[in-house]
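To start, the structure under review is shown below, and the notes come after it.
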Amino acid sequence: MKLNERSLAFYATCDSPADNSGFLYKRGERHTAYHRRWFVLKGNMLFYFEERDSREPVGVIVLEGCNVELCESAESFAFAIRFGGTKSRTYVLAAESQEAMESWVKSLSRASFDYMRLVVRELEKQLQEMSRGVAGGCGGSQELPGPWKAKPSGLEQSRDRLPALPAVLPKENGCAVWNNLLVGADRPPNTSGCGGHDEEEEEERPPLPPRRRVLNGEAVSAGAESPSTFWRLHQQYSREVARLRQDWQQKRHGPQP
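Per the working numbering, the very first residue in the sequence shown carries number 8; after that it's consecutive.
Right, here's the structure in full:
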């Protein structure tokens, strides 16, 4: 593999952030003596310099197809970068402390594109499983996960189902009535998500008492115009009052022997 020395030197010394950097002891290929070098890790390339302020790197190690493992050596906190193949070189390095050694081993093990490819595949697999779980959790369609689209909220869905307001609002006793506009209209759809069973309908509330209007300074009840409505209200509220009065008397006197 051919590498452009100028491009590598510029990439090694440019202001791009490094994944790791620090001093390590590097064992020579021919001589077993260790030399202190400044190492800089960028992506899958490990550059090493003679000094920290050197303008050009002494060498570079491309971290592809290799394993990073601890090894026994004369120096403490030593680890090795081993490549596959009979003629491949093994780089033996040593850190200055246990924490530095663990940091370098972790960084070098995650620097290759093979490792990043495995991470991306695992994340894609987890995303697909989560998408299937969300699609199947509500008992809906088992469609394959595709591009995500924002669904309209319940308020937006219910707007299309609300009845159109009339040009002239109906009036009762001289006042506009809004409650009667929604009589017979469809209720907004259930937006809770996983709704499989219909909820129990709320108990119907009794109608409000009729309002009064003033004619010639005298209050006139609307019941005078519609006696049937007044009679129904009277019967309904009288039954309610009788039931509440009976319950109150039972609680006051206690159970009868």
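Using N, Cα and C, we set each Cβ at its ideal position, and we do this for glycine too.
Excluding its 5 nearest sequence neighbours in each direction, Ser28 has C-beta neighbours in its own chain below 6 Å: Val47, listed in chain order. Here Leu77 carries a strand assignment [DSSP, helix/strand/coil]. Note on Trp111: 16 or more other CB atoms within 10 angstroms of its CB, so buried under the neighbour-count rule.
Taken atom to atom, the span from the alpha-carbon of Leu115 to that of Leu70 is near 8 Å. DSSP links Tyr122 through a beta bridge to no other residue. If you keep only unbroken beta strand (DSSP E) runs of at least 3 residues inside the segment 11–82, you get 27–34, 41–49, 52–56, 66–69 and 73–77.
For the 7 Å CB-CB criterion, Ala101 and Tyr32 form a contact.
In the same chain as Arg44, and ignoring 5 residues on each side of it, the C-beta atoms closer than 8 Å to its own belong to Phe30, Leu31, Tyr32, Lys33, Tyr55, Phe56, Glu57 and Val65, in chain order. With contacts defined by Cβ atoms closer than 7 Å, Ile88 and Cys73 form a contacting pair. Within the same chain, and ignoring the five residues on either side of Phe120 in sequence, the residues whose Cβ sits closer than 8 Å to its Cβ are Asn51 and Glu71.
For Arg89, the secondary structure class from DSSP, reduced to helix, strand or coil, is strand.
Around the beta carbon of Leu53, 16 or more other beta carbons lie within 10 angstroms, which makes this residue buried.
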